[in-house]
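Trainee:
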Amino acid sequence: MLMPELPIAFGLVATTAASALAARRLHIPFSIVLVLVGLALGFMPFMPQVELRPALVLSLLLPPLLYSSGVGMSWRNFKADLRPILQLAVGCVVFTAAMVAATIHWLLGLPLAVSFVLGAVVSPPDAVAPMAIARRHAVPGRILTILEGEGLVNDATALILFSFAVAAVIGGAAFSLTSAVGDFFAIVAGEIAWGLAVGWGSLALRRWASDTRVEMVMALLTPFAAFWVPESLGGSGVLATVTAGLFVSWNGPRFISPATRLQGFFVWDMVVYLIEGVIFLLTGLQARMIVERLHAGDWNRVLIAAGAVCLVVIAVRFLWVFAVTYVSRLLPGRLRVRGPMPPWRSVFVVAFTGIRGVVSLAAALSIPFLANGAPFPDRDLLLLVTFAVILVTLVGQGLSFVWVIRVLGLANDGKREAEDAKRREVAARVKSIDAALARLDDLEGAAASPETVAVLRRRHGDRRAYFVAACQDLSDGNVALSSVALQLRFVEAERDSIADLYCRGEIDDESRRRIERELDLEDSRLRHAAQSGVARIL
10 MLMPELPIAF
20 GLVATTAASA
30 LAARRLHIPF
40 SIVLVLVGLA
50 LGFMPFMPQV
60 ELRPALVLSL
70 LLPPLLYSSG
80 VGMSWRNFKA
90 DLRPILQLAV
100 GCVVFTAAMV
110 AATIHWLLGL
120 PLAVSFVLGA
130 VVSPPDAVAP
140 MAIARRHAVP
150 GRILTILEGE
160 GLVNDATALI
170 LFSFAVAAVI
180 GGAAFSLTSA
190 VGDFFAIVAG
200 EIAWGLAVGW
210 GSLALRRWAS
220 DTRVEMVMAL
230 LTPFAAFWVP
240 ESLGGSGVLA
250 TVTAGLFVSW
260 NGPRFISPAT
270 RLQGFFVWDM
280 VVYLIEGVIF
290 LLTGLQARMI
300 VERLHAGDWN
310 RVLIAAGAVC
320 LVVIAVRFLW
330 VFAVTYVSRL
340 LPGRLRVRGP
350 MPPWRSVFVV
360 AFTGIRGVVS
370 LAAALSIPFL
380 ANGAPFPDRD
390 LLLLVTFAVI
400 LVTLVGQGLS
410 FVWVIRVLGL
420 ANDGKREAED
430 AKRREVAARV
440 KSIDAALARL
450 DDLEGAAASP
460 ETVAVLRRRH
470 GDRRAYFVAA
480 CQDLSDGNVA
490 LSSVALQLRF
500 VEAERDSIAD
510 LYCRGEIDDE
520 SRRRIERELD
530 LEDSRLRHAA
540 QSGVARIL
């Protein structure tokens, strides 16, 4: 007898795959299609109610996403743009929460602490949906770094604010700014320290294990070890997980074997893909449950509050981003930001990407039902307003984001930047081959036979000639690198020959699998070398 959760889980994964195909055919962002599909399915009479448990998102689904983003983030770029990242991830989140709280308190007369709960819930923008769109449409790299860096940190700020606000409502105590600031910095320092410890311990254990499968298990456990401990102690766990990911990203090449990196790429890609898809689908499925909780007479308040909060979160982000960007360059002394003034188009795109997502929904769903023995004030109102903000920003801003990028001409800037990056990449490949050829001169006549050295020199010389030709292709605007297609045909011819030999019984299954794996790796190497950087150019 199957447990009832299993068919639901199967259905969620199957719907995610089908929606991904539809999104690709319709040229609509994957996340938006999933939310709309979930929204439509949620109101179908045959559809069972699927409730999103906050603990499932915050403790089980969120850590792998945060860790994977941290590992994929460039520590060098993150450090270089730390100031604008913190201005958005801390300053803008706090400012948004305060403005939303003030608006709701003035508009509906809700207690200030309750208003701050809503402000904290809707204050952090989601990074998944806009980052997927931005990467696909060749947005300049610095914009990607700032948006991704903000997405890694802002959830921690919002969740800490949320815990303070809920504690104020439940405890009924007056809010102490001094105490809150002290607690905030203590949590931040503790989580960073724990994240560094987990990252170091994970790499040390993986190096000691020296087994690809064991290393992958440890890698999958790392985000939960980083997240759960701070969360259980009253923190958010977000900063610790991100810190662990950044530490592994910076130090991983010295500790992680090539085989593990190769396998980890595919494992993490699949894990992140499934988690993101299920999260967006579950977000849409929550609409029916949230709507059914609200009484008919409260709809006027909900519509007023939802409209006001949507306007505030969008307008406040524009106000904050433009003010901080330009005013900070007019300040005196050390407070002044050095460097050239950024173009207004880049600033506009950063301000526009204020899409809210599943962290806001999970935080809203985790609002307690009771406060001091009585129902939590206006909990259902807070839930529905949060969902409205997610829907308006995700669908409205998400669908128009591509149009904004094209109108502002940022795609052209991103293509030129990607072309330059690809040239530098190919030049680095040529230099590395030259270093390998120079090393062969030392090996010749010492540790290897002349015949072996000659074969290696010829092979690497051919690779060098290929990359030199690739540089010329890029200079001529031929970014497709047609020679790759020819090499892929050679690989396909080998694959057909092996299949024919196997059918005739001239090789056994183990031999066929070993050869096919080598051909698969060669196929992947060729495609990766051709498409890294070129995907953004095209």
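Using my numbering, count along the sequence shown one by one with no gaps and you end on 547. Even for Gly, the Cβ is constructed at its ideal location relative to N, Cα and C.
Measuring only the C-alpha atoms, how far is residue 445 from residue 100?
Mentor: Distance between the alpha carbons of residue 445 and residue 100 is about 49 Å.
Trainee: If contacts are defined as beta-carbon pairs under 8 Å, then residue 507 and residue 525 qualify, I think. What distance do you get, rounded to the angstrom?
Mentor: That belief holds up - the Cβ atoms of residue 507 and residue 525 are roughly 7 Å apart, short of 8 Å.
Trainee: May I have the straight-line CA-CA distance separating residue 5 from residue 449, to the nearest angstrom?
Mentor: Past the edges of the chain, shown from 10 to 547, lies residue 5, and the structure says nothing about it.
Trainee: Relative to the C-alpha of residue 94, which residue among 153, 294, 497 is closest?
Mentor: Minimum Cα distance to residue 94 is reached at 153.
Trainee: Count the other CB atoms within 10 Å of the CB of residue 512; is the residue buried (16 or more) or exposed (fewer)?
Mentor: By the neighbour-count rule (16 or more Cβ atoms within 10 Å), residue 512 is not buried but exposed.
Trainee: For the alpha helix (DSSP H) that contains residue 96, what are its first and last residues?
Mentor: From DSSP, residue 96 is part of no alpha helix (DSSP H); its letter is neither H nor E.
Trainee: With C-beta atoms as the reference, is residue 170 less than 9 Å away from residue 104?
Mentor: No; because the gap between Cβ atoms is not below 9 Å, this pair is not in contact.
Trainee: Identify whether residue 136 lies in helix, strand or coil by the three-state DSSP scheme.
Mentor: Coil.
Trainee: Report all residues from its chain with a CB closer than 6 Å to the CB of residue 397; omit the five preceding and five following residues, and keep chain order.
Mentor: Here the set comprises 315.
Trainee: With burial defined as no fewer than 16 other Cβ atoms inside 10 Å of the residue's Cβ, what is the status of residue 517: buried or exposed?
Mentor: Exposed, because fewer than 16 other Cβ atoms sit within 10 Å of the Cβ of residue 517.
Trainee: Using only CA atoms, which one of 367, 415, 36 lies nearest to residue 75?
Mentor: Ranking the options by Cα distance to residue 75, first place goes to 367.
Trainee: In whole angstroms, give me the CA-to-CA distance for residue 96 and residue 333.
Mentor: One C-alpha to the other measures close to 8 Å.
Trainee: Could you check if residue 40 is buried or exposed, using at least 16 other CB atoms within 10 Å of its CB as the buried criterion?
Mentor: That one is buried.
Trainee: Using the three-state DSSP reduction, which class does residue 459 fall into: helix, strand or coil?
Mentor: Three-state DSSP puts residue 459 in a helix.
Trainee: Going by DSSP, what residue range makes up the alpha helix (DSSP H) through residue 227?
Mentor: Run containing residue 227: 221-241, per the alpha helix (DSSP H) assignment.
Trainee: Pick out whichever of 164, 257, 218, 166 has its Cα sitting closest to the Cα of residue 205.
Mentor: It is 257.
Trainee: Buried or exposed: which applies to residue 226, given that a residue is buried once 16 or more other Cβ atoms fall within 10 Å of its Cβ?
Mentor: It counts as exposed.
Trainee: Can you give the Cα-Cα distance for residue 149 and residue 80, rounded to whole angstroms?
Mentor: Their Cα atoms are separated by approximately 20 Å.
Trainee: Count the other C-beta atoms from every protein chain shown that fall within 10 angstroms of the C-beta of residue 19, then say buried if there are 16 or more, exposed otherwise.
Mentor: Counting Cβ neighbours within 10 Å, residue 19 comes out exposed, since fewer than 16 surround it.
Trainee: Since residue 401 and residue 131 should fall inside the 8 Å C-beta cutoff, what is the C-beta to C-beta distance between them, to a whole number of angstroms?
Mentor: Contact flag wrong, Cβ pair sits at about 11 Å.
Trainee: Name the DSSP bridge partner or partners of residue 177?
Mentor: Its beta-bridge partners do not exist; DSSP assigns none.
Trainee: Go ahead and pull the three-state DSSP assignment for residue 119.
Mentor: Residue state, collapsed to three classes: coil.
Trainee: Does the structure place the region 373-388 close enough to the region 265-280 that three or more beta carbon pairs sit under 8 Å?
Mentor: The region 265-280 vs the region 373-388: no contact.
Trainee: Please classify residue 7: is it buried, with 16 or more other beta-carbons within 10 angstroms of its beta-carbon, or exposed?
Mentor: A query on residue 7 cannot be resolved here, the shown segment of the chain reaching from 10 to 547 and no further.
Trainee: From residue 537 to residue 497, what does the alpha carbon distance come to, in whole angstroms?
Mentor: Roughly 12 Å between the two C-alpha positions.
Trainee: How about residue 357: is its C-beta nearer than 9 Å to some C-beta of chain B?
Mentor: The structure shown has no chain B; it contains just one protein chain.
Trainee: Taking three-plus beta-carbon pairs below 8 Å as touching, is the region 213-224 in contact with the region 45-57?
Mentor: Because the criterion of three Cβ pairs below 8 Å is not met, the region 213-224 and the region 45-57 do not touch.
Trainee: Quick one: Cα of residue 500 to Cα of residue 510, how far?
Mentor: Approximately 15 Å between the Cα atoms of the pair.
Trainee: Report, in whole angstroms, the separation of the C-beta atoms of residue 358 and residue 413, which I expect to be a contact under 8 Å.
Mentor: About 7 Å separates the two Cβ atoms, so the contact holds.
Trainee: Just to confirm the assignment, what range does the alpha helix (DSSP H) spanning residue 274 have?
Mentor: Counting along the chain, the alpha helix (DSSP H) containing residue 274 begins and ends at 267-301.
Trainee: What's the call for residue 191, buried or exposed, on a 16-neighbour Cβ count within 10 Å?
Mentor: Classification for residue 191: exposed.
Trainee: DSSP three-state call for residue 191: helix, strand or coil?
Mentor: The answer is helix: DSSP assigns residue 191 an H, G or I state.
Trainee: Buried or exposed for residue 82, going by 16 or more other Cβ atoms inside 10 Å?
Mentor: Answer is buried; the Cβ neighbour count reaches 16.
Trainee: At what residue ranges does the region 375-458 contain a whole run of the alpha helix (DSSP H), taking only runs of 4 or more?
Mentor: List check, alpha helix (DSSP H) in window: 388-400, 407-417, 419-452.
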